[in-house]
Amino acid sequence: MLSKKIEKALNRQVEVEADSSQFYLSMASWAETQGFNGTAKFLYTQSDEERMHMLKLVRFINERGGHAIVPALKQPPAKFKSLSDIFESLLGHEIKVTEEINGLVHTTLEEKDYTTHNFLQWYVSEQIEEEAQARTIMDKLNMIGNDKGGLYLFDRDLENMPAAHD
Ligand code: FEO
């Protein structure tokens, strides 16, 4: 059975994952309108992944006797300056999500909730992979700069890049 404090903290994480999904969906949509179809495909998949992260939390909260609350949708930014702008935002966002997860893990230890602590280990590993992938992508974009040919190849590569945990 979840304590009220853990239930609340997990529901807060449901919101964080839902926001991530919305944010990446908006990035995907912008990329698609700019003709970056590989990037769009990658970001649509990332958005789906975040929804899966949210769903996993929803199911866990309910299984443990809590009540998962579906949060309101927030409007994410609709426009981006460039692919670098997108992936810088994505990396910054993932760093914040990692902080949230770490805070959550800390709370489970304070509350001596080892079941939830164990459940969250999956998210801890996932964050390491997602941050690493976002950094790799940023490194590539920094090398490419504004080179049109480079950006074309980057976009094509991203079409076939698997999601972080695959
Ligand atoms: Fe669910 Fe990308 O963190």
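Following my numbering, the numbering of the sequence shown begins with 1168 at its first residue and continues without gaps.
Yeah, the Cβ is synthetic: ideal placement off N, Cα and C, and Gly gets one too.
This structure is a prediction, so every number in the text was calculated from the model and none was measured.
Heavy atom of ligand 1 within 7 Å of residue i beta-carbon
i            : result
residue 1292 : no
Among the options, the one whose alpha carbon lies nearest that of residue i
i            : options                : result
residue 1224 : 1242, 1212, 1184, 1261 : 1184
residue 1149 : 1244, 1271, 1175       : The shown model of the chain, from 1168 to 1333, leaves out residue 1149, and the question about it has no answer.
residue 1251 : 1181, 1178, 1313       : 1313
residue 1176 : 1227, 1328, 1195, 1243 : 1227
residue 1298 : 1169, 1276, 1219, 1213 : 1213
residue 1190 : 1207, 1273, 1279       : 1207
residue 1246 : 1237, 1256, 1322, 1240 : 1256
residue 1300 : 1325, 1276, 1319, 1278 : 1325
residue 1170 : 1249, 1296, 1319, 1274 : 1274
residue 1329 : 1230, 1216, 1316       : 1216
residue 1262 : 1168, 1199, 1200, 1291 : 1291
residue 1248 : 1201, 1179, 1229       : 1201
residue 1244 : 1230, 1198, 1278       : 1198
residue 1179 : 1229, 1168, 1237       : 1237
residue 1267 : 1316, 1287, 1327       : 1287
Whole-number beta carbon distance between residue j and residue i, since they are thought to touch under 8 Å
i            : j            : result
residue 1174 : residue 1233 : 4 Å
residue 1294 : residue 1264 : 6 Å
residue 1221 : residue 1210 : That belief does not hold up - the Cβ atoms of residue 1221 and residue 1210 are roughly 17 Å apart, past 8 Å.
residue 1311 : residue 1254 : Wrong, their Cβ atoms sit about 11 Å apart, outside the cutoff.
residue 1347 : residue 1218 : An answer regarding residue 1347 cannot be provided, because it is not within the stretch 1168 to 1333 covered by the chain.
residue 1239 : residue 1181 : Not confirmed; about 12 Å, so no contact.
residue 1322 : residue 1203 : 5 Å
Legend entry - Below 6 Å from a heavy atom of ligand 1 - residues by beta-carbon: 1184, 1187, 1217, 1220, 1261, 1264, 1297
Inset, instruction - Mind listing, in chain order, the continuous alpha helix (DSSP H) runs of no fewer than 4 residues lying wholly within the stretch 1183–1261? - result: 1204–1230
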